[in-house]
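**Student:** What follows is a single structure, and I will ask about it in a moment.
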Amino acid sequence: MKGVVLISGSGSNLQSIIDNASVIELNIEAVISNNSNAYGLQRAQKSNIPTHIIEHQSFASRAQFDQNLSQLIDQYTPEIIILAGFMRILTAEFTQKYAGKMLNIHPSLLPKFQGLNTHQRALDAGEKHHGASVHFVTSELDGGPIIAQSSVDILANDSAKSLAKRVLIEEHKLFPKVIHWYTQGRLTLNHHHATLDGQKL
Ligand code: GAR
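Residues in the sequence shown are numbered from 23 upward in steps of one, following the numbering used here.
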């Protein structure tokens, strides 16, 4: 299945998707970053995947940025759009256009800790467990239907950094697994919930 991956940073999730691409039956047609310094761009280039930089600072409004991003994505006619550390709030027009085709990974056990600094916030809240979630993207920030989660125990001596590191290890397993469900046609967005093999998640 043809997919496009959107990134903003290191791209370690992108790397795990690249490494698993043939197993998960995904052809990564392009990697798009809103940040020209994103290390993930180099990861894509090493794997001969076309890359694009579309910097949000160059656009007068969020809507204009999203329209241009959408035009770029559509050149590749992808069946799946993968947000792998893409740190941008998207307009409702954009998310509606790709409803049911766009997946995001978020570093928390949603609905807990939407937004930024999730690891520190989990520590500050005295949580015993933390983790990552993959969800369908809707207009609600980090709020679309959850597909799957992976959790880790929070240890007594954890820092945000040590916790992030363990959560990332889980992310690198979780995201390719969920993407494969999608490429196999097992995963759909029905109204306000996700289904796997016809069963509500
Ligand atoms: C990952 O932890 C991902 O879950 C998070 O950004 C990191 C990107 O790392 N995404 C979000 O916070 C989205 N709200 P990576 O560039 O190494 O894959």
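A virtual CB, placed ideally from N, CA and C, is assigned to each residue, including glycine.
Remember, predicted model here, so these are calculated numbers, not experimental data.
(1) Which same chain residues end up closer than 6 Å to Gln-37 when comparing Cβ atoms and leaving out the 5 residues on each side of it in sequence?
(2) Tell me whether Thr-210 sits in a helix, a strand or coil according to DSSP, three-state version.
(3) Determine, for Asn-179, whether the minimum Cβ-Cβ distance to residues of chain B falls below 7 Å.
(4) Measuring only the C-alpha atoms, how far is Asn-49 from Ile-103?
(5) Where do the N-terminal and C-terminal ends of the beta strand (DSSP E) with Lys-199 fall, by residue?
(6) In the DSSP assignment, what are the bridge partners of Phe-224?
(7) Quick one: give me the first and last residue of the alpha helix (DSSP H) that Lys-24 is part of.
(8) Locate the alpha helix (DSSP H) running through Gln-64, then write down its first and last residues.
(9) Pick from Gln-118, Gly-148, Arg-188 and His-128: whose alpha carbon is nearest that of Phe-197?
(10) Exposed or buried, what is Met-124 when buried is set at 16 or more other beta-carbons lying within 10 Å of its beta-carbon?
(11) Taking only runs of the alpha helix (DSSP H) that begin and end inside the region 87 to 153, which ones reach a length of at least 4 residues, in chain order?
(12) Using only the heavy atoms of the ligand GAR, determine whether one of them is closer than 6 Å to the beta carbon of His-157.
(13) Suppose contacts are defined by Cβ-Cβ distances below 7 Å. Is Asp-73 in contact with Gln-79 by that definition?
(14) What does a CB cutoff of less than 7 Å around Asp-88 pick up in its chain, not counting 5 residues either side in sequence?
**Tutor:** Let's see:
(1) Along the sequence shown, read from residue 1 onward, the residue named residue 37 stands at position 15. The answer, listed in chain order, is Arg-65.
(2) As a first step, residue 210 is located in the sequence shown; it is residue number 188 there, counting from the start. It is a strand residue.
(3) As a matter of chain content, chain B is missing from the structure shown, which is built from one protein chain.
(4) For the purposes of this step, residue 49 is taken as residue 27 along the sequence shown, with counting starting at 1. For the purposes of this step, residue 103 is taken as residue 81 along the sequence shown, with counting starting at 1. Approximately 11 Å, taken between the alpha carbons.
(5) One-based indexing of the sequence shown puts residue 199 at position 177. Run containing Lys-199: none in the beta strand (DSSP E); it sits in the alpha helix (DSSP H), 182 to 205.
(6) The structure shown does not extend to residue 224, since the chain is modelled only from 23 to 223, so the question has no answer here.
(7) The residue you call residue 24 lines up with position 2 of the sequence shown. Note, Lys-24: premise wrong, no alpha helix (DSSP H); beta strand (DSSP E) at 24 to 29.
(8) As a first step, residue 64 is located in the sequence shown; it is residue number 42 there, counting from the start. First-last of the alpha helix (DSSP H) with Gln-64: 61 to 68.
(9) Locating residue 197 in the sequence shown gives position 175, where the first residue counts as 1. Phe-197 has its Cα closest to that of His-128, out of Gln-118, Gly-148, Arg-188 and His-128.
(10) As a first step, residue 124 is located in the sequence shown; it is residue number 102 there, counting from the start. Met-124 is buried by the Cβ-count criterion.
(11) 114 to 119 and 140 to 146
(12) Mapped onto the sequence shown, residue 157 falls at position 135. Because no heavy atom of the ligand GAR lies under 6 Å away, the Cβ of His-157 does not count as near it: no.
(13) By one-based count along the sequence shown, residue 73 stands at place 51. By one-based count along the sequence shown, residue 79 stands at place 57. Note on residue identity: the sequence assigns Thr, not Asp, to residue 73. Not in contact: Thr-73 and Gln-79 (Cβ atoms no closer than 7 Å).
(14) On the sequence shown, residue 88 is found 66 positions in, with the first residue counted as 1. Hits under 7 Å: Leu-112, Thr-113, Glu-115 and Phe-116.
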